[in-house]
Amino acid sequence: MMLDAPFFSSQTSTMSKTFKTVAPTAAPFPVVERVETLLVDLPTIRPHKLSVATMNGQTLMLVKIHCSDGVVGIGEGTTIGGLAYGGESPEGMKLAIDTYFSPVMVGQDATRVQALMARIGKMIRENRFAKCAVETALLDAHGRRLGLPVSELLGGRLRSRLPVAWTLASGDTAKDIAEAEKMLDLRRHRIFKLKIGARDLLEDIAHVAAIKRALGERGSVRVDVNMAWSEIEAAYAMAALADAGCELVEQPVASAAALARLVRRFPIALMADESLQGPETAFEIAKASGADVFAVKIEQSGGLFNAQRVAAIADAAGIGLYGGTMLEGVFGTVASAQVFSTFVNLQWGTELFGPLLLAEEILATPLDYSEFELTVPAGSGLGIELDEERVAFFTRDGLRKTISVAGQGG
């Protein structure tokens, strides 16, 4: 089927229209000229089961910032399970950027990224995921302007490839073992994280133990509970999981105080995730010795610069680092990879598999996942280019929906 609608075409609905523009400027520096947002709905390769939700697709909120020198930067805002994970959603981010961010940005110097983000921060509270998307787009644009990767705008990369874990989340032990074996055969992943917490505690422990027995030393096993346990349940499970060969437990409980108590009781590594919401919370957790590992996420941190601040706090406190994910698409994943490549320590690798969970590709050239690692793009800005026809096709209320109606299922 031919896809002939251009990116942000006039045929799409207001879900992807430009809301704020500024007249051409004679300023001695490039300014933000206009801001566009759109929602892109992509199917997943299988249901992704978490303790908080089951995902059958992923919505990417893309923000496209046009600058007066003709440079365009793109950023992404994505969540896990809509509103199941937190207070922001792709739809909410789009509305916030269209209504509140854009008037603050238009006409401002596009080259002073931190200054513009500080201006936004003074006028807009919270909205960390939306701020991350905007900051990513500004950095992408400035990197393209200077001919440098985003990593070099953040101090310079220390590594060009990142180890990537794969999450096993079908909920079925046999299926998860088969999926892990496939990933090992493909030499794509040898670190596996299991999503647990939605069923009986003993069933979860048996599930993890069976998978670890099947993989043996060929693959490491970690678990993510997404705060589903009580402290008593976590204490029982962590001891049993350690005996089963599990090497790390991610955010078993919601309480930061309970995390600190669990860290002191068990030798198995405990990782903070949902508790980390930027540098301030990172400092509080570090001060309380509340985690062995930080799962650093650019969206949860409030942007790439804040992610670096979280990493610096972890380094100072002797806390290990893991490059986390919000199951972002390609733009969020590459933005994460750019900043993670600058970390001095990345002892626990990364979880940047988000694009591999999606059934459809929206890049002109797919990312390189090989030999258990992801290659960090080295081109200008984020170093990736959209397949604009594919994006137009999957844009919500855009060409995809029109074809579905006119062709009775497209």
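When we follow this note's numbering, the leftmost residue of the sequence shown carries the number 404, and every step to the right adds one.
All residues carry an ideal CB built from backbone N, CA and C; glycine is no exception.
In this text the structure is predicted, and so the values were computed from the model without any measurement.
In this chain, the alpha helix (DSSP H) harbouring residue 733 covers 733 to 743. Within the same chain, 544, 547, 548 come within 6 Å of residue 474 by CB-CB distance, once the 5 residues on both sides are set aside. Looking only at 583, 608, 624, the smallest Cα-Cα distance to residue 596 is reached by 624. The bridge partners DSSP lists for residue 569 are 595.
Nearest C-alpha to residue 632 among 607, 500, 785: 607. Our two residues, residue 626 and residue 660, have alpha carbons roughly 20 Å apart in a direct line.
Pairwise C-beta distances place the region 746 to 758 in contact with the region 568 to 582, as three or more of them are shorter than 8 Å.
Residues 436, 437, 475 of the same chain have their beta carbon placed closer than 6 Å to that of residue 469, with the five preceding and five following residues left out of the count. For a cut-off of 8 Å, the C-beta gap from residue 561 to residue 747 is around 7 Å, short enough to register as a contact.
Nearest C-alpha to residue 668 among 692, 678, 685, 647: 692. Sequence-distant Cβ neighbours of residue 541 in its own chain, meaning closer than 7 Å and more than five residues away, are 468, 476, 513, 516, 519. Taking 7 Å as the cut-off, the beta carbon of residue 479 is found no closer than this to the beta carbon of residue 521.
DSSP places residue 524 in the helix class (H, G or I) of the three-state scheme. Counting of Cβ neighbours within 10 angstroms places residue 459 among the exposed residues, the total staying below 16. Within a 10 Å sphere around the beta-carbon of residue 750 sit fewer than 16 other beta-carbons, which makes this residue exposed.
The Cβ atoms of residue 727 and residue 698 lie closer than 7 Å to each other. Within the region 667 to 733, the complete alpha helix (DSSP H) segments of 4 residues or longer fall at 682 to 690, 701 to 704, 707 to 720, listed in chain order. Excluding the 5 residues flanking it on each side, residue 492 has same chain C-beta neighbours closer than 7 Å at 482, 485, 486, in chain order.
By alpha-carbon distance to residue 744, the top candidate from 582, 777, 441 is 777. For residue 758, the enclosing alpha helix (DSSP H) starts and ends at 757 to 760.
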